[in-house]
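Structure first, then comments.
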Amino acid sequence: MLRRFGTISGLTLVSRIFGFLRDLVLAATLGAGPVADAFMLAFRLPNHFRAILAEGAFNAAFVPTYAGLDAAGGEARVRAFRSNILSWVLLVNGGLLAVALFATGALLMVLAPGLAGDDPQRPLVVALTRITFPYLICMSVVVLLSGVLNARGRFAAAAGASVLLNLAMIAALLLAWLFPSAAHAAAWGVLAGGVSQLALLIWDTWRAGLGVDVVRPRIDPASAEFFRRLGPAVLTSGAVQVAVFADTIIATFLPVGALSHLYYADRLYQLPLGVIGIALGTLLLPDIGRRVALGDEAGIRRMVAQALSLCLLAGLPLMVIFAGIGDWIIAVLFQRGAFDAVAVSGAAGVLAAYSLGLMPGLAIRTLVAGFQGRGDMGTPLRALIGATVVNVALKAGLAGPLGAAGLALATSAGVWIYAGLLYRAARRAGQIAPLDRVQVGGLTGAAVLAGALVWGLRGPALGLAEGLLPGYGPLLAGLGLAALVLALIGGAAVSLKVGRR
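Residue numbers (this note's numbering): 345 to 845.
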């Protein structure tokens, strides 16, 4: 488990590092104004559908079904299944692409109603969306091929593929003078990144001897089982995206810069979610599906317990660091070119609000994998519906007084509710062991102490760091305070023997 987790999380971390390099160029080139908001909106739209139809729902339905078929043997049957599902993917995505290309204005009326017909941003958003939307079909096929490879224990290509998106966007932005605007360059970089990721996954699938054909879509017993699982999974992913759509819709009514503040803060927030939370879910889902077929319930409980311990150990210090010195992190990473101190302040407030939901956010993919690997799509859906209702209601209420930070705060509240409902359901079903209250209490106390120290030492640490290394105070002071947080919470974890089960 740890070896495979290291492969996935390590390559994901490399991808996120390149992602930050991309965002450095993006921030310096576009800043946080109307052109940046237009690109962020055009980039969000295909990613919303990707989260519903590709990564979220598709993985939840496809990976356990495919892993079960693969464990049962019969290569011809398995190849026929993956080829049939590929054909369905191409058919559905082709229809969506036609709508996006030929009815872009109608799509924006639904998904970005704050962008009125006479808004000067609207023509740019329409043009950029028509460039970025084909990215969806590339990524839908990438997700399918990733599931095929993951079921065979091959994680490297899928985990590292997004590096290509970041490289393509960086290259396009560096050549922005060749395009009508920097936003056009970024949009074409997105499409080039999707095509390059698809080429990599096709190559790795071929290298593994896992051929996939395009056939006439049909319904057979295996695909019927896939679609049976897909329906609730789509609703679950759709419920997640309702909250994300709400961010996009409400942000279009907020002052200029709100979408950009959300984007840059979310990039930092998503870093640990990708490196730890999503990596754990990616690892656990095919393994749980395989262990269910073998009847290894004890093995499933052991893996889930180890994963939740890791989420707890990573989530608490990161929550303190993002909340306590998030403004310094954003300034060090992004404050240059068109990204000024006002943009730093706006993004830092959003990041602080996001950080409150970081720990449960890490655990959600593990908890969901425990249900979906068993073919239970209903429990995560019911839990998510309840959390989403609260989430969206809070967004509507908090966006006015708090702006973009209110949207992020509502997201954190929704994440806590969702994780809590999942944990309670898993405990009632006997799928996980109860958390050790002494360990949780001890780590929480250490996190509170670390947060108080960070808040109290911010000023003195920054002054000392500026005296030692003028111009690099936030970087030096931030590293020192982050090390203090890790030492306090890590020491508490060692003394409490967290993770030993």
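Backbone N, C-alpha and C fix where the C-beta goes; we use that ideal spot for every residue, glycine too.
If you draw a 10 Å sphere on the C-beta of V686, you find fewer than 16 other C-beta atoms in it, and that means exposed.
Scanning Q679, L700, L706 for the CA closest to the CA of S653 turns up L706. CA-to-CA, the gap between G807 and L695 works out to about 24 Å.
If you look at S525, you'll find it isn't in any alpha helix (DSSP H); DSSP assigns it neither H nor E. In the three-state scheme derived from DSSP, where H, G and I count as helix and E and B as strand, T473 is classed as helix. For D548, the secondary structure class from DSSP, reduced to helix, strand or coil, is helix.
With respect to A727, A527 sits apart: the two C-beta atoms are not nearer than 8 Å. For the pair of segments examined, the segment 758 to 767 was found to touch the segment 715 to 732: the number of CB pairs separated by less than 8 Å reaches three.
Cα atoms of A826 and I665: separation of roughly 6 Å, rounded to the nearest angstrom. Here R680 is exposed, its C-beta having fewer than 16 other C-beta atoms within 10 Å. DSSP, read as helix, strand or coil, puts K739 in helix. The beta carbons of A757 and V782 sit no closer together than 8 Å.
Nearest C-alpha to L615 among F364, G350, F349: F364. The C-alpha of C482 is placed about 17 Å away from the C-alpha of L493.
Taking the Cα of Q716 as reference, the smallest distance to any Cα among P408, L370, L374, A515 is reached at P408.
Under the three-state reduction of DSSP output, Y816 falls in the coil class, being neither helix nor strand. Between the alpha carbons of A794 and H605 lies a distance of about 27 Å.
Distance from the CA atom of A529 to the CA atom of T373, rounded to whole angstroms, is 11 Å. Between the beta-carbon of V559 and that of T476 there is about 29 Å, and that puts the pair past the 8 Å contact cut.
No residue range can be given for M721, since it is assigned to no alpha helix (DSSP H) and is classified by DSSP as neither H nor E. For V600, the three-state secondary structure derived from DSSP is coil. Between V507 and L545 a beta carbon distance of about 13 Å is seen, past the 8 Å cut, so the two are scored as non-contacting. M647 sits buried, since 16 or more C-beta atoms from the chains shown fall within 10 Å of its C-beta. Take the alpha-carbon of L819 and the one of V798: they are about 14 Å apart. Counted as a single uninterrupted DSSP element, the alpha helix (DSSP H) harbouring D631 occupies residues 623 to 638. Taking C-alpha positions only, P565 is separated from A543 by approximately 30 Å. Within the segment 634 to 722, no run of beta strand (DSSP E) reaches 3 residues while sitting entirely inside it. Note on geometry: alpha-carbon atoms of G834 and L660 lie some 10 Å from one another. Taken through DSSP and simplified to helix, strand or coil, I361 comes out as helix. Of the candidates L468, G621, F571, I429, G621 places its Cα closest to the Cα of S353. At least 8 Å separates the beta-carbon of V358 from that of S525. Between the alpha carbons of A737 and G722 lies a distance of about 23 Å. The alpha carbon of K739 has as its nearest neighbour, out of A637, S484, A595, the alpha carbon of A595.
For G693, same chain residues with a beta-carbon under 7 Å away, outside a window of 5 residues either side, are A749 in chain order.
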